[in-house]
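A short write-up of the structure that comes next.
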Amino acid sequence: MRIGIDVGGTFTDFVLLDDETGASRSHKCLTTPRDPAQAIVEGLAALAREVPGCIEGLEEVIHGTTLVINAIIERKGARTALVTTRGFRDVLELGREIRYAAYDAFAQMPEPLVPRERRLEVNERLRADGSVLEPLDEAQARRTVEALKALGTESVAVCLINSFENPAHELALKKMLAEELPGVPVSISYEVLPQIREYERTSTTVTNAYVKPLTESYLKRLRERLAGLGFRGRLFIMLSSGGVTSAETAADFPVRIIESGPTAAVIAGQCYSKLFHSPEMFCFDMGGTTAKSCLIQHGVAGVVPSFEVGRVQRFQKGSGLTIQVPVVDLMEIGAGGGSIARASRLGTLQVGPESAGAEPGPICYGRRGSEPTVTDADLLLGYLDADYFLGGTMKLDAAAARRGIEERIASPLGVSFVEALWGIHDLINETMAAAAKTHIAERGGNPQVVTVAAFGGAGPVHAYGLARKLGAPRLVVPPNAGVGSALGFFTAPRAFDLVRSHKVPFATADFARLEALFRDLEAEGERTLRKAGAEGPIGFTRSVEARFIGQGSETSLVLPPGDFGRLNAQELRRRFDETYARLYGRTYPESPVEFVNFCVRASLPVKLLSLPKISVRGKAADAVKGSRKAYCPIAKDFVPYTVYDRYKLPPGAEIAGPAIVEERESTVIAGSGAAARVDEYGFLWINL
Amino acid sequence: MKSRFDPITLEILWRRLISIVDESDAAVARTAFSSLLRDAHDYTCMFTDSRGRELAQGTLATPGQSGAMALGIRKLVEVLAPGSLAPGDVFITNDPWALAGHLNDVCVLSPVLHRGRAAAFTACILHHSDIGGRVASDNREVFEEGLFIPLVKLYAGGALNQGVLDMILANVRTPEQVSGDIRSQIAANHVCAEKIVRMLEQYDLPDLDELGDEIIRRSEASVRASIARVPAGVYRAEGLIEQKEGEPEVRIQCALTIEGSDITVDLSGSSPQVDWGGNVVYNFTYAYVHMAVKSVFDPEIPNNHGIAAPIRLIAPEGTVVNCRFPAAVAARMQIGHFITEVIYRALAAALPERVVAAGGGTPATMQMFYGRRGDGRPFHTVLIRGGGLGAGATRDGEGSFIFPANGANTPIEILESDAPLIVERRELIADSGGPGKQRGALGRREVFRVPDDACAPRPPVSMALQSGRFRLPPEGLFDGKPGARAQFLVNGKPGDPYGLTHLKPGDVVVMDSAGGGGYGDPRQRDRAALERDIAEGKVSSEAARREYASK
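So, in structure tokens, the structure goes:
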């Protein structure tokens, strides 16, 4: 048996899976932000009451957490110090020096995680090729380490200029720090991110150091608590890149688990895409504050090399801290149920990116929220039932929502009340669709063939409208979409990504030597996985990043399996030109190309999940709860929608739109003309 | 007449236009060759409707290029006979008077054909590191400054005009880099055009004109509403800008009239044009007037043609703010960047919360190094940098920025892999921020060494600068004190920032950029903030006593 645990901002979700029978059981409880392990222990105890002995029988706990990202955003990490090459302690503060809002003289920048007085310098210097220009001054380095002690340092980051080419000086400092400051964790840039560009590398290394002590102690505490409950299996942590890794590796490189939480839905999407043979799936997870989406092609989500965290101006690119580690190619936009609608100064409607969050929340929550939100509009459009929100545990105030939208949207914009309602719902869908189209197109996909998979509380409410705007032919809503993402944990590959930079012209490259480089990387990947207790054969996916000689960015090419030394060079070059022309309109086959990065993903074969079949019997008609009027954009009026109880829908049940399917954590909308069918696993497939 | 775009559809399409231009912007960063583009982002992508009115520009556009393009592209579109345009036509020019004011700013302009006619124009200006010529600020005529490309077709109906390309490449020191960067411009326009056409098809629009009317109308109304809140009157200020040793300061005279929602900026009385490269063409002067007005009155809304409507600029021909051909113009930012500062000074009394004190990033510093490596291969690299941002009413000028222009630094590790140089330091300079109730941001130091070991380049390494603030520091506002001056040293002695400097292996160059001006009386500075500054080593305890009356 295995268990997936997803600690989110509001709820902690559990899914217990019996690998032999395929049976699963879910649980949801409130997150305990001060000590997230608390909620985990409580939830497990609750599950153990339902399934006696389940904890002792567990082989694995797979865990995703927002602990790290919250510590960065709330600035609750360790008292961190930074050691740099002489002359470069301010690299962290200077950043890239671009103003992200060109016309705003007052745009704020994020404070560095390490203040200037804790950024110390050592005498040493490497050249761009990694050769030593000035050896490390050991005596001065020791004095620097002494000074760190006096500063009360709890964690140390080391990032030296050009060290990505040669780790010798960083390794020497690491050794010295271990001797002089025992028990203080050290993060060196060569191990965290051996890539060119000193600011990005320093920022990533510092962030790693900043969250290392807290991640270590959290994981230790969690392990002890789990042991206390009788757990004897292994603990795995979800990586931002979509794989899972051992708790030990996560404690060494916490910067790799920043997006640990949102990745689960993507992994679940990957699994469904493979199970249902859907070559292009668009995974759409809409919660209260943001919508996170990802394109899954042939069962695989993309991975990008960097992202930003803790933006000072929300969603404004450039206003956050740069983190350069592989992360699932998630697109996150400020669109959620709590997104606030306003009449802008320009006399247009604007929805988001500001969110009312859970507190004060939408007006209809009745918690003193005064600004209309997407959820308020959804309620008044008839899509949500005021008496069956979260299974009826929370009553919604429609009258207050109505007043808010009339006063703040309809009358200032000079549109009718209904136009305002539909405008809010439709604009948030359009915002998401516009972003989604760009996201899909940039990855070479086609929005008109994707299957949209909906997750999150607001996902199934908006997925139909989104899918229509994308021109997508079909939509799938897994059962329990609210906790469904936790299923992703079971199918996440036990994987680790490695990159090595090595610039070599295509024309003169010794492919046999490069094969050796790939094998090195693979051996390192295998070691990391074995250390995490992996058994059985390990698979490797290789890719190269290449560019025209003289460029600064690369185009990625996945390599076919087999010996690189025997690869047809012309064929590889042809594929580079093809990819380049697809992205930029033209290519230049006569211009020389070089390899820059060699990448390997080491992974264990994924256990395909056997989904449990639902046991409901009867007819679709038995699941009808009644009918209610909801807005139909085609009729431009409120029309009757049939309302179904999702838990009573049997396999094979067919539903014609307009229909509303209700479950505890969410509501599925299927518009006029939609044809929906329930499959044997309880998935709702909607053809548009 | 009622618009066919309801407020909701309008917002959706408007956002789409911006995301399209941002994609073309990203294409430049991914495909360009020179670090000045791919790392430092010295370029601007934009597009216009069929009449040449700017509708959207890249979020990271640099205001000098974008403001100048908004004027320039419109005129170029009038020149191109729209009926004669074919799919696959691509134009190129770097005419300083037509566009962004110096030869390095090369524009590639492509019509977007839809239903048989030009429905839009997409353009990008990239600051090319290398345009040939004598790289220095003390040239007397534009002819010395490099290759001048009039508006010509680089591609005709999709076929390359090889002669034009050969002509360009024969005139530059690093032809591979220059051709790579031109290709990047073509890629950016391609990405932009493809997405525009897709949008026109999807929404069944013949062109962008009607949508443009609506975007422009609303943007104009927004900025006008903000201007109208300021009392009518004439607001005056003067700016003094240093030039070569022994020459009198260049004077910028500004009378800014607000009447209802109209702004007239009259620069009459400014100095006559100069005999070096600091001359500013009308478009570039206009760009920094535009930057000042937009940043003060309406910084948030996306930039387009509508923002410019309330602005009228008077800049007499033959002055330094509207120079005549064939004046030397390469270092036009050395004077042009000050225009925003002078306007801020004029508006400071009326809008004290909306302006910042003078900054060390005015002007931006541009530093060129070129020569040959030990093995004979050429290199040519350009770095840009700012200085301490000026303080504002409610906060310190935190950050080393180029302002009012914009751009990023080049990572040291990128610079060292592109050029045979060693950077010894890149750090903040203590006590360089102008004291004030709100402190100006610190200037920063960068130290370069020409290697003299096995990695040494062939002598000489040529170096030129476009910079300033060596004598006149950035002034404070409302009793705030000036920031520290800039400094340029070669082997410990002041160098000539206007000429070409020839370096030999072992030479060391120090570049200190100026600190930002302070805002308000330093004695009123919050004591906790001062303590923080001292702890961080940004203000020394001596300076705290001297400037802030600290005990």
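Chains as they are written, first to last, in the numbering used here: chain V, 1 to 688; chain H, 689 to 1239.
Note that the Cβ used here is the ideal one computed from N, Cα and C, for glycine as well.
Computed from a predicted structure; not experimentally measured.
Per DSSP, residue i is paired with what?
{"i": "Thr290(V)", "result": "Note: Thr290(V) sits in no beta bridge, so no partner."}
{"i": "Arg232(V)", "result": "DSSP, once it has assigned bridges, lists no residue as partnering Arg232(V)."}
{"i": "Lys1181(H)", "result": "Val1178(H)"}
{"i": "Thr308(V)", "result": "Contrary to the premise, residue 308(V) reads as Glu rather than Thr in this sequence. DSSP output for Glu308(V) lists Thr322(V) as bridge partner(s)."}
{"i": "Cys942(H)", "result": "Ala925(H)"}
{"i": "Thr85(V)", "result": "Val122(V)"}
{"i": "Val984(H)", "result": "The partner list for Val984(H) (beta bridge, DSSP) is empty, contrary to what the question assumes."}
{"i": "Leu814(H)", "result": "Tyr731(H), Val794(H)"}
{"i": "Asp737(H)", "result": "Ala808(H)"}
{"i": "Ala656(V)", "result": "Ala675(V)"}
{"i": "Phe1089(H)", "result": "Gly1075(H)"}
Excluding the five sequence neighbours on either side, which residues of its own chain have a C-beta within less than 7 Å of the C-beta of residue i, listed in chain order?
{"i": "Cys1011(H)", "result": "Gln961, Asn967, Val968, Val969, Val1017"}
{"i": "His1025(H)", "result": "Tyr976, Thr1050, Pro1051, Ala1052, Pro1092, Ala1093"}
{"i": "Pro1014(H)", "result": "Glu829, Val830, Phe831"}
{"i": "Ala172(V)", "result": "Leu136"}
{"i": "Tyr100(V)", "result": "Ala107, Gln316, Lys317, Gly318, Ser319"}
Regarding residue i and the ligand SAH, is the C-beta to nearest heavy atom distance less than 8 Å?
{"i": "Arg628(V)", "result": "In the structure shown, the ligand SAH is absent, as is every other ligand, since no ligand is present at all."}
Who are the near neighbours of residue i in its chain, counting only those whose CB is closer than 8 Å to its CB and skipping five residues on each side?
{"i": "Met689(H)", "result": "Because Met689(H) sits at a pLDDT of 41, beneath the cut-off of 50, its placement in the model cannot be relied upon, and the point is left open."}
{"i": "Arg223(V)", "result": "Leu235, Ala247"}
{"i": "Ile340(V)", "result": "Val351, Gly352, Glu354, Ser355, Ala356, Glu371, Pro372, Thr373"}
{"i": "Lys648(V)", "result": "Val616, Gly618, Asp622, Ala623"}
{"i": "Leu133(V)", "result": "Arg125, Leu126, Arg127"}
Note down, in chain order, each residue of its chain lying with its Cβ closer than 6 Å to the Cβ of residue i, except the 5 sequence neighbours on either side.
{"i": "Gly1048(H)", "result": "Gly1075, Gly1076, Gly1131, Pro1162, Gly1171, Ser1201, Ala1202, Gly1203, Gly1204"}
{"i": "Val61(V)", "result": "Ile3, Leu235"}
{"i": "Arg762(H)", "result": "Gly740"}
Can you tell which of the options has the C-alpha that lies nearest to the C-alpha of residue i?
{"i": "Ala569(V)", "options": "Thr32(V), Arg530(V), His439(V), Thr508(V)", "result": "Thr508(V)"}
{"i": "Phe1158(H)", "options": "Glu711(H), Val830(H), Arg692(H), Ile929(H)", "result": "Ile929(H)"}
{"i": "Ala128(V)", "options": "Glu1101(H), Leu896(H), Leu1218(H), Leu748(H)", "result": "Glu1101(H)"}
{"i": "Gly821(H)", "options": "Ala847(H), Leu791(H), Val800(H), Ala844(H)", "result": "Leu791(H)"}
{"i": "Cys593(V)", "options": "Leu126(V), Gln551(V), Pro473(V)", "result": "Residue identity differs from the one stated: residue 593(V) is Val in this sequence, not Cys. Of the listed residues, the one whose Cα sits closest to Val593(V) is Gln551(V)."}
{"i": "Gly539(V)", "options": "Thr348(V), Val477(V), Ser603(V)", "result": "Ser603(V)"}
{"i": "Ala715(H)", "options": "Ala728(H), Gln873(H), Val765(H), Arg1113(H)", "result": "Gln873(H)"}
{"i": "Thr249(V)", "options": "Leu384(V), Arg530(V), Gly320(V), Gly228(V)", "result": "Arg530(V)"}
{"i": "Ile870(H)", "options": "Asp895(H), Ser707(H), Leu797(H)", "result": "Leu797(H)"}
{"i": "Lys503(V)", "options": "Leu470(V), Arg547(V), Arg527(V), Ala523(V)", "result": "Arg547(V)"}
{"i": "Ala720(H)", "options": "Val852(H), Gly1194(H), Ser867(H)", "result": "Ser867(H)"}
{"i": "Thr66(V)", "options": "Glu259(V), Thr84(V), Ser24(V), Ser155(V)", "result": "Glu259(V)"}
Check distances from the C-beta atoms of the region 94–110 of chain V to those of chain H and list, in chain order, the residues that come in under 9 Å.
-> Flagged, chain order: Leu94, Gly95, Arg96, Glu97, Ile98, Arg99, Tyr100, Ala101, Ala102, Tyr103, Asp104, Ala105, Phe106, Ala107, Gln108, Met109.
Taking contact to mean at least 3 C-beta pairs separated by less than 8 Å, is the region 320–333 of chain V in contact with the region 423–439 of chain V?
-> Result yes; three or more Cβ-Cβ pairs closer than 8 Å.
Compile a chain-ordered list of the residues in the region 528–560 of chain V whose CB is closer than 7 Å to at least one CB of chain H.
-> Going along the region 528–560 of chain V in chain order, one finds Phe548, Gly550, Gln551, Gly552, Ser553 with a Cβ nearer than 7 Å to chain H.
Select from the region 728–743 of chain H all residues with a C-beta closer than 9 Å to any C-beta belonging to chain V, and list them in chain order.
-> Within the region 728–743 of chain H, those residues whose Cβ lies closer than 9 Å to any Cβ of chain V are, in chain order, Ala728, His729.
Pull out every residue of the region 774–802 of chain H whose Cβ sits closer than 9 Å to any Cβ of chain V, in chain order.
-> Under the 9 Å Cβ criterion, the region 774–802 of chain H contributes no residue.
Counting Cβ pairs closer than 8 Å, one from the region 929–940 of chain H and one from the region 900–919 of chain H, do we hit at least three?
-> Contact fails: fewer than three Cβ-Cβ distances are below 8 Å.
Using a Cβ-Cβ cut-off of less than 9 Å, give me the residues of the region 62–94 of chain V that come near chain H, in sequence order.
-> Using a CB distance below 9 Å, the part of the region 62–94 of chain V facing chain H consists of Arg86, Gly87, Phe88, Arg89, Asp90, Val91, Glu93, Leu94, ordered along the chain.
For the region 178–201 of chain V, enumerate the residues whose C-beta is nearer than 7 Å to any C-beta of chain H, in chain order.
-> For the region 178–201 of chain V, the set of residues with a beta-carbon nearer than 7 Å to any beta-carbon of chain H comprises Ile196, Arg197, Glu198, Tyr199, in chain order.
Would you say the region 178–190 of chain V touches the region 291–309 of chain V, given that touching needs at least three Cβ pairs under 8 Å?
-> No, the region 178–190 of chain V is not in contact with the region 291–309 of chain V.
Check whether the region 32–40 of chain V touches the region 620–627 of chain V, counting contact only when three or more Cβ pairs, one atom from each stretch, lie closer than 8 Å.
-> No: fewer than three Cβ pairs fall under 8 Å.
Interface residues of the region 1200–1226 of chain H facing chain V [CB-CB below 8 Å] = Against chain V - using a Cβ distance shorter than 8 Å - the residues of the region 1200–1226 of chain H are Ala1223, Glu1224, Gly1225, Lys1226.
Hey, is the region 397–413 of chain V in contact with the region 361–369 of chain V, meaning 3+ C-beta pairs nearer than 8 Å?
-> The region 397–413 of chain V vs the region 361–369 of chain V: in contact.
Do three or more CB pairs link the region 181–192 of chain V to the region 158–173 of chain V at distances below 8 Å?
-> Yes, they touch.
In the region 556–590 of chain V, which residues sit with their C-beta less than 9 Å from some C-beta in chain H, listed in chain order?
-> Sequence-ordered contacts of the region 556–590 of chain V with chain H read Tyr580, Leu583, Tyr584, Gly585, Arg586, Tyr588 [C-beta pairs closer than 9 Å].
Contact set between the region 133–148 of chain V and chain H, restricted to residues whose Cβ is under 8 Å from the partner | Residues are counted here when their Cβ sits less than 8 Å from a Cβ of chain H; for the region 133–148 of chain V these are Leu133, given in chain order.
If you pair each beta-carbon of the region 82–94 of chain V with each one of the region 105–122 of chain V, do three or more pairs fall below 8 Å?
-> By the Cβ rule, the region 82–94 of chain V counts as touching the region 105–122 of chain V, because three or more pairs are nearer than 8 Å.
Members of the region 160–175 of chain V near chain H, C-beta cut-off 7 Å = Residues Ile161, Asn162.
Would you be able to state if there are at least three C-beta pairs under 8 Å between the region 1104–1123 of chain H and the region 1228–1239 of chain H?
-> Contact between the region 1228–1239 of chain H and the region 1104–1123 of chain H is present, with at least three C-beta pairs closer than 8 Å.
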